[in-house]
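So the structure is just underneath, and the comments pick up after that.
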């Protein structure tokens, strides 16, 4: 299902080093011909100092041990420059004198190490550079590099800290233009997906970030394809179902600029109440997840390979179908509902039975007729009134907090 592959769209907002893992995934999934992936890697590596890796890719692509002369020449230049910078760093350590020239050398060495793929060294020296740097723009550039290095080393906790630090700077810094600030927010969201779909609290993190007004506006302005990752996070996160209504509204607004089976599934179900369409889209959703570098992460367990996010998505999507169908029907044929859930009759019956037993769903199963009978639940008007007051109180508290906190911050700043 290469038609739904977002790698080309994502790559324009990523450092070339971050694109390499995406190409590795596509190569493993055989979404494109092998030679196309290898050619893409070679083009990508031209912008780095990873010459040995580029040579290996070239040999694999053309089935030869020979490499172009320009690669050999480039390798010699990289080794020479790395040696020169390494000696300069040794001199800094020996003399223990730090001035503007030494700080600049530290930056150049860290950046060169990063371009060579030595991410651990790069992260270490970029951290030291930021502690000494007084140039705001250079410090910001170093923070982007540090974030990329931590992502590539899969240090998700540290990467999340760097991401939050970078977000704070982007939101508070005076950029040369609003467009520049918008672009930085879009980059930040693209880079954040690496973290959010690997960190243990990432599904909450992506919802918290992407639904912030300035970031949601950035998505709608220049990156509507990021709705795939926001929608997936909302579907699999039972505790954030309160964001579903807002998500559906944004999906409807952006349906002419972006849509895929995941957004279309939600639109079929919650806007059009098209259960047949939702059933078909759910089948396509599985393929999209399996072929997405961020969503299709595979876990090897003994002799089997699982895709945890795929399983979570399908389970929650079926629950959406079931709940929505039950809200508008009183008597439901289990066979038909099983079909809409893409399950065999016995699987569907067991799944529904467990759901009714373990939930507060006011329903019963008639095994003889093979139907699920929904009982009418009349909500007490007094309970409705009390619940609305609770919601009103919560919204009032949030409004007060949003007014008071900025005022307090302003007061403290003027002191």
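Residue numbers (the UniProt record's numbering): 1 to 415.
Heads up, the beta-carbon is just placed ideally off N, CA and C, and yes, glycines get one too.
| Query | Result |
| --- | --- |
| Do residue 228 and residue 292 have their CB atoms nearer than 9 Å? | yes |
| Between which two residues does the beta strand (DSSP E) carrying residue 363 extend? | 363-366 |
| Kindly confirm or deny that the region 91-103 and the region 111-123 touch, where touching means at least three C-beta pairs closer than 8 Å. | no |
| Could you name the residues of the same chain whose beta carbon sits closer than 7 Å to that of residue 378, not counting the 5 residues immediately before and after it, in chain order? | Any reading at residue 378 is ruled out, since the residue's pLDDT is 46, under 50, leaving its predicted position unreliable. |
| By DSSP, does residue 372 sit in helix, in strand, or in coil? | strand |
| Under the DSSP definition of a beta bridge, which residues are partnered with residue 305? | 300 |
| Can you give me the C-alpha to C-alpha distance between residue 142 and residue 81, rounded to a whole angstrom? | 20 Å |
| Taking contact to mean 3 or more Cβ pairs, one atom from each stretch, closer than 8 Å, check whether the region 323-343 and the region 365-373 are in contact. | yes |
| Classify residue 311 as helix, strand or coil using the three-state DSSP reduction. | helix |
| For residue 281, does the count of other Cβ atoms within 10 angstroms reach 16, so buried, or fall short, so exposed? | buried |
| Who does residue 331 pair with in a DSSP beta bridge? | 373 |
| For residue 421 and residue 271, what's the separation of their Cα atoms in angstroms? | With the chain represented from 1 up to 415, any question about residue 421 goes unanswered, as that position is not in the structure. |
| Should residue 33 be labelled buried (16 or more other beta-carbon atoms within 10 Å of its own) or exposed? | exposed |
| Using alpha carbons as the reference points, say which of 36, 113 and 98 lies closest to residue 131. | 98 |
| What's the C-alpha gap between residue 100 and residue 266? | 55 Å |
| Would you say residue 71 and residue 50 are within 9 Å of each other, going by their C-beta atoms? | no |
| Expressed to the nearest angstrom, what Euclidean distance is found between the alpha-carbon atoms of residue 57 and residue 73? | 17 Å |
| Consult DSSP for residue 268 and reduce its assignment to one of helix, strand or coil. | helix |
| Are the CB atoms of residue 202 and residue 233 nearer to each other than 9 Å? | yes |
| With 16 other CB atoms within 10 Å as the buried threshold, where does residue 250 fall? | buried |
| Alpha carbon to alpha carbon, how far is residue 129 from residue 339? | 60 Å |
| Do you know how far the Cα of residue 342 is from the Cα of residue 353? | 16 Å |
| Kindly provide the ranges of any alpha helix (DSSP H) runs that are 4 or more residues long and lie completely inside the region 144-186, ordered along the chain. | 156-172 |
| Keeping to the same chain, check which residues put their C-beta closer than 8 Å to that of residue 86; ignore five residues upstream and five downstream. | 109 |
| Would you call residue 147 buried or exposed, if buried means 16 or more other Cβ atoms sit within 10 Å of its Cβ? | buried |
| Would you mind reading off the limits of the alpha helix (DSSP H) that contains residue 45? | 34-45 |
| For residue 323, count neighbouring Cβ atoms within 10 angstroms of its own Cβ and tell me buried if that reaches 16, exposed if not. | exposed |
| Any chance the region 204-213 sits against the region 175-195, with 3 or more Cβ pairs inside 8 Å? | yes |
| Cutting at 8 Å between CB atoms, please list the residues of its own chain near residue 151, excluding the five before and the five after it. | 18, 159, 191, 194 and 195 |
| Determine whether the beta carbon atoms of residue 23 and residue 2 lie at a separation below 9 Å. | no |
| If I measure Cβ to Cβ from residue 348 and keep anything under 7 Å in the same chain, skipping five residues before and after, which residues do I get? | 334, 337, 338 and 341 |
| Tell me where the alpha helix (DSSP H) around residue 31 begins and ends. | From DSSP, residue 31 is part of no alpha helix (DSSP H); its letter is neither H nor E. |
| Pull up the distance between the alpha-carbon of residue 139 and that of residue 88, whole angstroms please. | 21 Å |
| Taking its Cβ as the centre, do 16 or more other Cβ atoms sit within 10 Å of residue 308, making it buried, or is it exposed? | exposed |
| Starting from the C-beta of residue 274, find all residues in its chain whose C-beta is less than 6 Å away, skip the five residues before and the five after it, and write them out in chain order. | 268 |
| What span of residues does the alpha helix (DSSP H) with residue 223 cover, start to end? | Residue 223 -> no alpha helix (DSSP H), and no H or E assigned at all. |
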